[in-house]
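Colleague: Residue numbers (the numbering used here), protein chains in the order written: chain H, 67 to 322; chain B, 7 to 222.
Where a beta carbon is used, it is the ideal one built from N, C-alpha and C, also for glycine.
This is the structure I want to talk about, given as structure tokens.
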């Protein structure tokens, strides 16, 4: 099996043209990045406001949980059947728009719940001290709460990224590109090597994206917040270990 | 419209629903059985916690559709065998629950564990009758997430031809017909809510002391 995958991945023909690995990679990355940017633009401000004011927490965690119960593939097909007949021309738009809607719906809950949980988990003493120093509400939010919550917020974006990259695979089911093409084409052609290679490529992309965000997290989160003081100059790398669980545990444990 | 479709296709939809329920529930139970000892090990031997949680995190990066199609090559089943789906979901459930079980057990107050030892509980006995019940709400929260997301993941398996509620989506897609799609979404959500409610009620029943604290 490993041999088959290696053969597929080392065949030069599979690396060129519109069906090649690089072309599929750029499609897969494009679907994922668009969805993540939109989801962050929606969830981050909303989460900051909810965390700062403390209003609507129960409502939002309820919504986030029910979004999780919606079957992704069902939603995708629903939006394709709903939207695509109304879009003409414009290349892939008829299938791209429904796919992005589903991916955004998938990404929003993780980012949203981690953002408000992160803001709410800021030590009240710290918040009081900031107020006591004369900061306005907005200043407290952006100069104190946001930096303190950044670790959790990026964890939320990381778990959203994992989910989105993994789920962008099913875009191929509605005739779009991406690595899912290999999976579904391989399935219809009974070509196991192609299928397995597609699966492997998605997993590799997901891990690479997660590592990239882990590095970003390390770069932008204050060392004091992350607990990385200059102890002995030893560099500890927090790999993808806290990726998927972080969002779940934070969001779920907050409700207990 | 939906009810008409439902009564016309009652036999197959019932079969798909049963199948879907089994394919999502069984992995949760199996996953729980596997992750309880693993989580306990990760809690008891702290050096295991890091590697176990890392492996679990990496496992979660594998897309479900990918695992469904790769498993046959690894374990020698047929590509369309539903067993692949059950095994894949069990793997995801374990990946999710190991960390939750370990965290839940670690959060048991030390004085409670010591009191149990002082009362003469053996180690295994202490874990089963003192630590697990205290960690139960945390583990149940993880179980709810696993059960609900399993229902959604099982539906994905219909794209590779496994018969369950996802068939309503693929059928609706081929016919550009809303009714089966909406019916499928509704049934999936209802199934997920049912699992969620069962776990919440079971947790309440198993942890009567929490209600006693709340009402007082």
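#1: So which residues on chain B does residue 265(H) lean against when the C-beta distance must stay under 8 angstroms?
#2: Out of 182(H), 80(H), 153(H) and 71(H), point me to the one whose CA is closest to residue 119(H)'s CA.
#3: Given that residue 80(B) touches chain H, what residues does it touch there, using C-beta distances under 8 angstroms?
#4: Looking at the C-beta of residue 49(B), does it have a partner C-beta in chain H at a distance below 9 angstroms?
#5: When DSSP labels each residue in this structure, what does residue 131(H) get in the three-state scheme?
#6: What's the C-alpha gap between residue 152(H) and residue 163(H)?
#7: Name the residues in the stretch 144-173 of chain H whose C-beta lies less than 8 angstroms from a C-beta of chain B; which are they?
#8: Kindly indicate which three-state DSSP category residue 209(H) falls into: helix, strand or coil?
#9: With residue 161(H) as the anchor, note down where its alpha helix (DSSP H) starts and where it stops.
#10: Would you give the residue range spanned by the alpha helix (DSSP H) that residue 118(H) belongs to?
#11: May I have the straight-line CA-CA distance separating residue 157(B) from residue 27(B), to the nearest angstrom?
#12: Does the stretch 258-271 of chain H come close enough to the stretch 69-78 of chain H that 3 or more CB-CB pairs lie under 8 angstroms?
#13: Buried or exposed: where does residue 34(B) fall if 16 or more other Cβ atoms within 10 Å of its Cβ makes it buried?
#14: With distance defined between alpha-carbon atoms, name the residue in 93(H), 147(H), 141(H) and 190(H) nearest to residue 167(H).
#15: Would you check if the stretch 140-147 of chain B and the stretch 75-88 of chain B touch, i.e. whether three or more CB-CB distances between them fall below 8 angstroms?
#16: State yes or no: is the beta carbon of residue 80(H) nearer than 9 angstroms to at least one beta carbon in chain B?
#17: Taking the Cβ atom as the reference point for each residue, do residue 180(H) and residue 223(H) lie within a distance shorter than 9 angstroms?
#18: I'd like to confirm something about residue 155(B): is its beta-carbon nearer than 8 angstroms to some heavy atom of the ligand PLP, or not?
#19: To which residues of the same chain is residue 114(B) closer than 7 angstroms at the C-beta, ignoring the five residues directly before and after it?
#20: Exposed or buried, residue 139(H), counting other C-beta atoms within 10 Å across all chains shown (16 or more means buried)?
#21: Hey, could you find the ends of the alpha helix (DSSP H) residue 156(B) is sitting in?
#22: What residues in its chain sit with their C-beta under 8 angstroms from that of residue 119(B), if we drop five residues either side in the sequence?
#23: Would you decide whether residue 58(B) is buried or exposed? Buried here means 16 or more other CB atoms lie within 10 Å of its CB.
#24: Secondary structure at residue 85(B), three-state DSSP: helix, strand or coil?
#25: Note down, in chain order, every chain A residue with its Cβ under 7 angstroms from the Cβ of residue 236(H).
#26: Under the rule that 16 or more other beta-carbon atoms within 10 Å means buried, what is residue 125(B), buried or exposed?
#27: Less than 9 angstroms between the C-beta atoms of residue 104(B) and residue 136(H), yes or no?
#28: So residue 172(B) and residue 162(B) are supposed to be a Cβ contact under 8 angstroms. How far apart are they, rounded?
#29: Consult DSSP for residue 57(B) and reduce its assignment to one of helix, strand or coil.
Modeller: In this structure, then:
#1: By 1-based counting over the first chain, the position of residue 265(H) is 199. The contacting residues are 68, 69, 71, 72, 73, 75 and 76.
#2: Counting from one through the first chain, the residue named residue 119(H) turns up at place 53. It is 182(H).
#3: As a first step, residue 80(B) must be located in the second chain, where it is residue number 74. Those within 8 angstroms of residue 80(B) in chain H are 67.
#4: Residue 49(B) sits at position 43 when you count from the first residue of the second chain. No, its Cβ sits nowhere closer than 9 angstroms to a Cβ of chain H.
#5: In the first chain, counting from the first residue as 1, residue 131(H) sits at position 65. In this structure, residue 131(H) counts as helix in the three-state DSSP scheme.
#6: Here residue 152(H) refers to the residue found at position 86 when the first chain is read from its first residue. Here residue 163(H) refers to the residue found at position 97 when the first chain is read from its first residue. One C-alpha to the other measures close to 11 angstroms.
#7: 144, 146, 147, 148 and 151
#8: Position 143 of the first chain, counting from 1, holds the residue named residue 209(H). Correct three-state label for residue 209(H): helix.
#9: For the purposes of this step, residue 161(H) is identified with residue 95 of the first chain, where counting begins at 1. Per DSSP, residue 161(H) belongs to the alpha helix (DSSP H) from 159-186.
#10: Working through the first chain from its first residue, we reach residue 118(H) at position 52. Unbroken alpha helix (DSSP H) run through residue 118(H): 87-119.
#11: Residue mapping note: residue 157(B) aligns to position 151 of the second chain, counting from 1. Residue mapping note: residue 27(B) aligns to position 21 of the second chain, counting from 1. Each residue's alpha carbon lies about 8 angstroms from the other.
#12: yes
#13: As a working note, residue 34(B) is residue 28 in the second chain. Counting Cβ neighbours within 10 Å, residue 34(B) comes out buried, since at least 16 surround it.
#14: Taking the first residue of the first chain as 1, we reach residue 167(H) at position 101. Taking only the C-alpha atoms, the option nearest residue 167(H) is 141(H).
#15: no
#16: If you number the first chain from 1, residue 80(H) lands on position 14. It does not; no Cβ of chain B falls within 9 angstroms.
#17: Counted from its first residue, the first chain places residue 180(H) at position 114. Counted from its first residue, the first chain places residue 223(H) at position 157. For residue 180(H) and residue 223(H), yes; Cβs fall inside 9 angstroms.
#18: Of the ligands one can find in the structure shown there are none, so the ligand PLP has no counterpart to examine.
#19: To locate residue 114(B), count along the second chain from 1; it is residue 108. Answer for residue 114(B): 137, 140 and 141, listed in chain order.
#20: Residue 139(H) sits at position 73 when you count from the first residue of the first chain. That one is buried.
#21: Within the second chain, residue 156(B) is the residue found at index 150, counting from 1. Residues 138-162.
#22: Counting from one through the second chain, the residue named residue 119(B) turns up at place 113. Closer than 8 angstroms at the Cβ level, and outside the excluded window around residue 119(B), lie 132, 136 and 137.
#23: Position 52 of the second chain, counted from the start, is the residue given in the question as residue 58(B). So residue 58(B) counts as buried.
#24: Position 79 of the second chain, counting from 1, holds the residue named residue 85(B). Coil.
#25: Note that chain A does not occur in the displayed structure, where the protein chains are H and B.
#26: Along the second chain, read from residue 1 onward, the residue named residue 125(B) stands at position 119. It counts as exposed.
#27: Numbered from its first residue, the second chain carries residue 104(B) at position 98. Numbered from its first residue, the first chain carries residue 136(H) at position 70. No, these two residues do not count as a Cβ contact at 9 angstroms.
#28: Residue mapping note: residue 172(B) aligns to position 166 of the second chain, counting from 1. Residue mapping note: residue 162(B) aligns to position 156 of the second chain, counting from 1. Sure, about 7 angstroms apart at Cβ, within 8 angstroms.
#29: One-based indexing of the second chain puts residue 57(B) at position 51. Helix.
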